[in-house]
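Novice: I have a structure I would like to understand better, so I am pasting it below and will then ask my questions one at a time.
Protein chains in written order, with the working numbering: chain A, 436 to 863; chain B, 463 to 729.
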């Protein structure tokens, strides 16, 4: 038999410990593993036997988390990384080198944008950013040296819903994979592989963990993309690699060549691995992911409905609202909900934003999202405080824009807190 | 490596070492709707321990061109032709066939039809006969995705279904499904029909001119261990190994135990 999502969230990847019967996943806080004999050691190094050698490459606790997320996403496997940024870098570094090009949505998390726009060009990898809603722009930006299309399932900051089926079709017409950052949606809201994506990564720091105590990332391979059929675009996966036994990863594994190279080269050489302690902490979060996401969405819907009808609010951007540009697409791709991070705009501008934030008692004022606790930030007075009102508007942010990450508290308490802030903002 | 067989290009993974026909040869034959990659660990071990390895993609599967062959007898003759082409067994007179599921029937039939070249056979996840239900055959013909789902569910043990994979970070059910989805339309029905129609396997077993190893999983729902025991009883020189808790996807669920059984039999 096969199991459903909620069961997999608790069990996938882990059977009770065979030594002591531990039901919880043990934390294998070890750097290395004793070989049974010389033959086994050689076989492990040469990939004749599977197992763990050194925790930078793999670790039993991490492996449980990796399997669990792969199961929840419907992929073939996953790699746990030090952070979501490390997962993004690992994917790019596995697929391409200097001279390659990426087409990415312009609605990205700032960290991803920094990596693509400022850092990677120094290593010879450039990116063209496109309006994620403009399918012609995706097509037009593809060049002979393009190796990846990339976007977020829910873009930042306007919650653009990535049209994964259409963008994936464009990618595949050009023999390219589509990777999505699924941090805001988690597999509970959407499984991007079911819609045509080829690779997924998560900042597990956010909803997968949920508790806000651990930084981590996960890179998941759908096992669908045929690297061999892409006409030599991906030599890292389809040609012998002198750096690892002369291995041709596609020959070695028909469906997991990408993961093989990413683990055997990327984790080995770049070393951005996850600590097993972190893997354990994230697993504690994943166990309750279905319950938490349900509550996140329920609370978000109440908060959105409340803000929409408040006189101090100029507008709310949430894809479940009919006036959101991606409302129809959200209905199709995100029927369980459009996440619990959204922005709204105060009529009272920059000054109102400050007053709103300062009046809140339940919402925590900080730069993170996806915590079990409700979070808030006012970009015009924090992350973007140096920008003029005009410059803010050009980047899609208004002086009175507030970003909320709705948590799991009592919905009535959250509404009451929002009312406190709205009343203060109205007086600004 | 690529080999021309019957005018079509066939592919065989050689375990990470160049194929050398002068060495004793081990041929790995995959099951229905699979390819060479199901043997990646075991084939690498043999290739790096003094054996010439051919983990084949059967015609129409994986990287091998052509149409899938419609019968076990055709597959057996194809293996013999492939061996003849590469010169395996010509000098060393030592060719071991290792087959899983449909591949096990192919190995049995090949050893029966071409005894001069085959030294021993290892049958992994086997049953003779290997009847396929009308429901599965029908689904394979008309609703391939549904049939793949049925096979994927039945091919894994309770433990395999929940995970704890030996290969770090790999989700067995997902990997198995994606590999099956990679094959061309029509391959699955062809393969299952070939298994279903193979009727004289017990005669071949009774007359088998070489030793055999049978490896079965105690939780195999596709080829039940009782059927494997019945087959073992019919073979003159046979060794049986039962892998406790394993389902039909033995090489993925218990790769080390399968390798150990093969080493003890072949080396």
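In this text, a Cβ means the ideal position worked out from N, Cα and C, and glycines have one as well. Since the model is a prediction, treat every value here as computed from it, not as a measurement.
Using a 10 Å radius around the Cβ and a threshold of 16 neighbouring Cβ atoms, would you call residue 636 of chain A buried or exposed?
Specialist: In the first chain, the residue the question calls residue 636 of chain A occupies position 201. Classification for residue 636 of chain A: buried.
Novice: So, does the CB of residue 635 of chain A fall closer than 9 Å to a CB anywhere in chain B?
Specialist: Mapped onto the first chain, residue 635 of chain A falls at position 200. So, not an interface residue.
Novice: Give the secondary structure of residue 579 of chain B by DSSP, where H, G and I count as helix, E and B as strand, and everything else as coil.
Specialist: Working through the second chain from its first residue, we reach residue 579 of chain B at position 117. Here residue 579 of chain B sits in coil by DSSP.
Novice: Name the residue from A:502, A:461 and A:464 whose alpha carbon lies nearest to the alpha carbon of residue 633 of chain B.
Specialist: Locating residue 633 of chain B in the second chain gives position 171, counting from the first residue. Closest option to residue 633 of chain B, Cα to Cα, is A:502.
Novice: Report the option in A:689, A:715 and A:599 whose CA atom is closest to the CA atom of residue 658 of chain A.
Specialist: The residue labelled residue 658 of chain A in the question sits at position 223 within the first chain. Looking at the Cα atoms, A:689 is the closest of the given residues.
Novice: Using only the alpha-carbon positions, how far apart do residue 781 of chain A and residue 532 of chain A sit?
Specialist: Working through the first chain from its first residue, we reach residue 781 of chain A at position 346. Working through the first chain from its first residue, we reach residue 532 of chain A at position 97. The straight-line gap from Cα to Cα measures roughly 45 Å.
Novice: Would you mind sorting residue 439 of chain A into buried or exposed? The rule is 16 or more other CB atoms within 10 Å of its CB.
Specialist: Taking the first chain and counting its residues from 1, one reaches residue 439 of chain A at position 4. Exposed.
Novice: At least one CB of chain A closer than 9 Å to the CB of residue 515 of chain B: is that the case?
Specialist: Taking the second chain and counting its residues from 1, the one referred to as residue 515 of chain B is at position 53. So, not an interface residue.
Novice: Just mark residue 715 of chain B as buried or exposed, buried being the case when its beta carbon has 16 or more other beta carbons within 10 Å.
Specialist: Walking along the second chain from the start, residue 715 of chain B turns up at place 253. With 16 or more other Cβ atoms within 10 Å, it is buried.
Novice: Please decide whether residue 485 of chain A counts as near chain B, where near means a Cβ-Cβ distance under 9 Å.
Specialist: By 1-based counting over the first chain, the position of residue 485 of chain A is 50. Yes, residue 485 of chain A lies at the interface with chain B (some Cβ there is under 9 Å from its Cβ).
Novice: If we call anything under 9 Å between Cβ atoms a contact, is residue 537 of chain A one with residue 470 of chain A?
Specialist: In the first chain, residue 537 of chain A corresponds to position 102, counting from 1. In the first chain, residue 470 of chain A corresponds to position 35, counting from 1. No.
Novice: Buried or exposed for residue 506 of chain B, going by 16 or more other Cβ atoms inside 10 Å?
Specialist: Locating residue 506 of chain B in the second chain gives position 44, where the first residue counts as 1. With 16 or more other Cβ atoms within 10 Å, it is buried.
Novice: Decide if residue 559 of chain A is buried, meaning its Cβ has at least 16 other Cβ atoms within 10 Å, or exposed.
Specialist: Counted from its first residue, the first chain places residue 559 of chain A at position 124. Exposed, by the Cβ-count rule.
Novice: In chain order, what residues of the same chain have a beta carbon less than 7 Å from the beta carbon of residue 475 of chain A, not counting five sequence neighbours either side?
Specialist: Here residue 475 of chain A is taken as the residue at index 40 of the first chain, counted from 1. Cβ within range, chain order: 484.
Novice: Is residue 734 of chain A close to chain B, meaning its C-beta is less than 9 Å from at least one C-beta of that chain?
Specialist: Numbered from 1 along the first chain, position 299 holds the residue referred to as residue 734 of chain A. No, residue 734 of chain A lies away from the interface with chain B (no Cβ there is under 9 Å from its Cβ).
Novice: Who pairs with residue 750 of chain A in a beta bridge, going by DSSP?
Specialist: Start at 1 with the first residue of the first chain, and residue 750 of chain A comes out as number 315. Paired residue(s): A:780.
Novice: Who pairs with residue 500 of chain B in a beta bridge, going by DSSP?
Specialist: Counting from one through the second chain, the residue named residue 500 of chain B turns up at place 38. Partner(s): none; residue 500 of chain B has no beta bridge.
Novice: Using a Cβ cut-off of 7 Å, which residues of the region 622-635 of chain B contact any Cβ in chain A, in chain order?
Specialist: Correct list: 623, 624, 625, 626, 627, 628, 629, 630, 631, 632, 633 and 635.
Novice: For the beta strand (DSSP E) that residue 464 of chain B lies in, which residues bound it at each end?
Specialist: The residue given as residue 464 of chain B occupies position 2 in the second chain. Element bounds for residue 464 of chain B: 464-467.
Novice: In three-state terms, what does DSSP make of residue 605 of chain A?
Specialist: Numbered from 1 along the first chain, position 170 holds the residue referred to as residue 605 of chain A. Three-state DSSP puts residue 605 of chain A in a helix.
Novice: Work out the CA separation of residue 626 of chain A and residue 445 of chain A for me, nearest whole Å.
Specialist: Translated into the one-based positions of the first chain, residue 445 of chain A becomes position 10. Translated into the one-based positions of the first chain, residue 626 of chain A becomes position 191. Going from the Cα of residue 445 of chain A to the Cα of residue 626 of chain A covers about 18 Å.
Novice: Could you list which residues in chain B have their beta carbon closer than 9 Å to that of residue 438 of chain A, in chain order?
Specialist: Taking the first residue of the first chain as position 1, residue 438 of chain A is located at position 3. 623 and 624, listed in chain order.
Novice: For residue 711 of chain A and residue 518 of chain A, what's the separation of their Cα atoms in angstroms?
Specialist: By one-based count along the first chain, residue 711 of chain A stands at place 276. By one-based count along the first chain, residue 518 of chain A stands at place 83. Their Cα atoms are separated by approximately 13 Å.
Novice: Please report the straight-line C-alpha distance between residue 605 of chain A and residue 573 of chain A, rounded to a whole angstrom.
Specialist: Here the question's residue 605 of chain A lines up with position 170 in the first chain. Here the question's residue 573 of chain A lines up with position 138 in the first chain. Rounded to the nearest angstrom, the two C-alpha atoms are 8 Å apart.
Novice: Buried or exposed for residue 671 of chain B, going by 16 or more other Cβ atoms inside 10 Å?
Specialist: Indexing the second chain from 1 puts residue 671 of chain B at position 209. Exposed, because fewer than 16 other Cβ atoms sit within 10 Å of the Cβ of residue 671 of chain B.
Novice: Of all the residues that make up the region 445-469 of chain A, which are near chain B by a beta-carbon distance shorter than 7 Å?
Specialist: For the region 445-469 of chain A, which is checked against every Cβ of chain B, the residues closer than 7 Å are 446, 447, 448, 449 and 450.
Novice: What are the residues in the region 680-713 of chain A lying within 8 Å of chain B by C-beta distance?
Specialist: Answer set for the region 680-713 of chain A: 680, 681, 682, 686, 687, 688, 689, 690, 691, 694 and 698.
Novice: Inspect the CB distances between the region 825-840 of chain A and the region 757-767 of chain A and report whether three or more fall short of 8 Å.
Specialist: No: the two stretches stay apart, fewer than three of their Cβ pairs being nearer than 8 Å.
Novice: In chain order, what residues of the region 500-515 of chain A put their CB closer than 8 Å to some CB of chain B?
Specialist: The region 500-515 of chain A vs chain B, Cβ under 8 Å: 501, 502, 503, 505, 506, 509, 510, 511, 512, 513, 514 and 515.
Novice: Beta-carbon of residue 670 of chain A versus every beta-carbon of chain B: anything under 9 Å?
Specialist: Within the first chain, residue 670 of chain A is the residue found at index 235, counting from 1. Answer no: the Cβ-Cβ gap between residue 670 of chain A and chain B never drops below 9 Å.
Novice: Check whether the Cβ atoms of residue 774 of chain A and residue 620 of chain A lie closer than 9 Å to each other.
Specialist: The residue labelled residue 774 of chain A in the question sits at position 339 within the first chain. The residue labelled residue 620 of chain A in the question sits at position 185 within the first chain. Closer than 9 Å, so yes.
Novice: In chain B, which residues lie with their C-beta within 7 Å of the C-beta of residue 835 of chain A?
Specialist: Against the first chain, residue 835 of chain A aligns to sequence position 400. Those within 7 Å of residue 835 of chain A in chain B number zero; the least Cβ separation is about 45 Å.
Novice: To the nearest angstrom, report how far apart residue 637 of chain B and residue 622 of chain B are at their CA atoms.
Specialist: To locate residue 637 of chain B, count along the second chain from 1; it is residue 175. To locate residue 622 of chain B, count along the second chain from 1; it is residue 160. Approximately 12 Å between the Cα atoms of the pair.
Novice: For the region 475-496 of chain B, list every residue whose C-beta sits within 7 Å of some C-beta in chain A, in sequence order.
Specialist: Listed by position, the residues of the region 475-496 of chain B near chain A (Cβ gap below 7 Å) are 475 and 478.
Novice: Tell me whether residue 464 of chain A is buried or exposed, calling it buried when 16 or more other Cβ atoms sit within 10 Å of its Cβ.
Specialist: Here residue 464 of chain A is taken as the residue at index 29 of the first chain, counted from 1. Classification for residue 464 of chain A: exposed.
Novice: From residue 808 of chain A to residue 579 of chain A, what distance separates their C-alpha atoms?
Specialist: As a position in the first chain, residue 808 of chain A is number 373, starting the count at 1. As a position in the first chain, residue 579 of chain A is number 144, starting the count at 1. One C-alpha to the other measures close to 46 Å.
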